[in-house]
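Some notes on the structure that comes next.
Residue numbers (my numbering): 78 to 402.
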């Protein structure tokens with residue numbers, strides 16, 4: 078009941094709203110080990126993520142969605158967003174063919190993500206539906222080995238052992254709070270505690286985390302975006318001054334009940350490993366907003382996701398550029 082109350086505040090609670098935002102936002106995001114200083118690492122585990130997204134101006138959404146959002150969250154400025162994302166996962170040993178059974182399975186995941194957002198001055202609420210496909214139809218092998226051809230690298234050899242074509246669905250609900258802390262040498266500081274729940278045949282998990290920030294114009298957004306899972310402030314932002322920026326550091330813990338990308342589909346044979354039920358992440362980086370454009374960069378360190386995962390902590394980077402119009 079406490080969790081439900083935290084995520085779904087009743088409509089009778091009245092909270093201050095930010096100013097309406099007439100701009101739409103286009104976001105391009107990439108996640109890969111090569112974005113960080115750890116580019117010497119070979120393809121392994123979460124290898125690559127790509128996202129192209131569109132976010133509407135505030136108030137421009139179907140009436141039925143607006144009513145639904147106000148019913149579950151109360152007052153707030155609402156937007157909708159549509160993203161197309163692809164993620165690629167590989168084992169640590171990408172030379173083996175067939176893939177080693179005790180290593181992470183090869184998997185590609187292609188999805189359309191439809192989200193309803195509601196912002197107040199101090200909170201962001203997100204309800205997202207992801208519809209996708211895991212397996213050869215996701216194009217993971219073609220994207221990865223095609224890129225290797227361009228840069229003169231060998232193919233990852235075990236894609237013939239990837240998880241078979243499987244429809245994937247997930248419903249995600251997320252609440253982020255923005256809590257001002259004060260100023261340090263004229264710079265703003267705040268905290269962004271966040272709670273996320275995801276359910277479906279893709280991944281069942283509960284995530285609790287928080288971010289600390291220091292900079293200028295912190296009320297322009299709710300943190301940097303990430304391709305979920307992970308701490309994400311989302312693609313929507315509204316610069317509150319001509320030049321805004323911040324540095325950040327955050328941690329999250331995930332309780333994972335099921336992960337199709339590790340376990341294959343229930344009741345069906347296929348490549349799989351045993352997941353670790355508790356996963357933690359640390360991320361740090363920076364964001365800059367100027368002339369309506371937002372640039373973000375995050376360095377992510379992740380604990381092991383499955384039993385027998387080799388190589389210690391997994392590291393990758395996440396970078397995005399977004400344009401308002």
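Idealized CB from N, CA, C, for every residue including glycine.
Residue 172, DSSP secondary structure in three states: coil
Taking the straight line between their C-alpha atoms, what separation do you get for residue 193 and residue 311? Their Cα atoms are separated by approximately 11 Å.
Looking only at C-alpha atoms, which of 293, 275 and 288 sits nearest to residue 300? 288
Quick check: what's the CA-CA separation for residue 235 versus residue 225? 14 Å
Cβ pair residue 185, residue 158 closer than 7 Å: Result no, Cβ atoms of residue 185 and residue 158 do not sit closer than 7 Å.
Given that a residue counts as buried once 16 or more other Cβ atoms are within 10 Å of its Cβ, and exposed if not, what is residue 368? exposed
Would you call the region 258-266 and the region 365-382 in contact, with 3 or more CB pairs under 8 Å? no
What whole-angstrom Cβ distance do residue 403 and residue 217 have, given they're in contact under 8 Å? The requested residue 403 does not occur in the structure, where the chain is confined to residues 78 to 402.
Integer Cβ distance of residue 279 from residue 247, believed to fall under 8 Å: Confirmed, about 4 Å.
Reference residue 93; option with closest CA among 398, 195, 203 and 145: Nearest of 398, 195, 203 and 145 to residue 93, Cα basis: 195.
Nearest-angstrom Cα separation, counted from residue 97 out to residue 381: 42 Å
Do the region 321-336 and the region 143-155 touch if we need at least three Cβ pairs shorter than 8 Å? no
Where does residue 302 land, buried or exposed, given buried means 16+ other C-beta within 10 angstroms? Result: buried.
In terms of residues, what are the limits of the alpha helix (DSSP H) holding residue 150? 140-150
Roughly how many whole angstroms lie between the Cα atoms of residue 126 and residue 242? Approximately 19 Å between the Cα atoms of the pair.
Just verifying my parser: in three-state terms, what is the DSSP assignment at residue 116? For residue 116, the predicted structure reports a pLDDT of 45, less than 50, and the residue's modelled location is therefore unreliable. A value from the coordinates is still provided. DSSP places residue 116 in coil when its eight states are reduced to three.
My parser needs the alpha helix (DSSP H) runs of 4 or more residues fully inside the region 274-340; what are they? With a minimum length of 4 residues, the continuous alpha helix (DSSP H) runs that stay inside the region 274-340 are 337-340.
Could you have a look at residue 374 and say whether DSSP puts it in helix, strand or coil? In the structure shown, residue 374 sits in a strand (DSSP, three-state: E or B).
Cα-Cα separation between residue 359 and residue 374, rounded to whole angstroms: 14 Å
Distance CB(residue 266)-CB(residue 294) smaller than 7 Å: Not in contact: residue 266 and residue 294 (Cβ atoms no closer than 7 Å).
Looking only at DSSP bridge pairs, what is residue 358 linked to? 329 and 379
Using the C-alpha atoms, what's the distance from residue 264 back to residue 210? 45 Å
Please go through the same chain and pick out, in chain order, the residues whose beta-carbon is closer than 7 Å to the beta-carbon of residue 206, but skip the five residues on each side of it. 191 and 248
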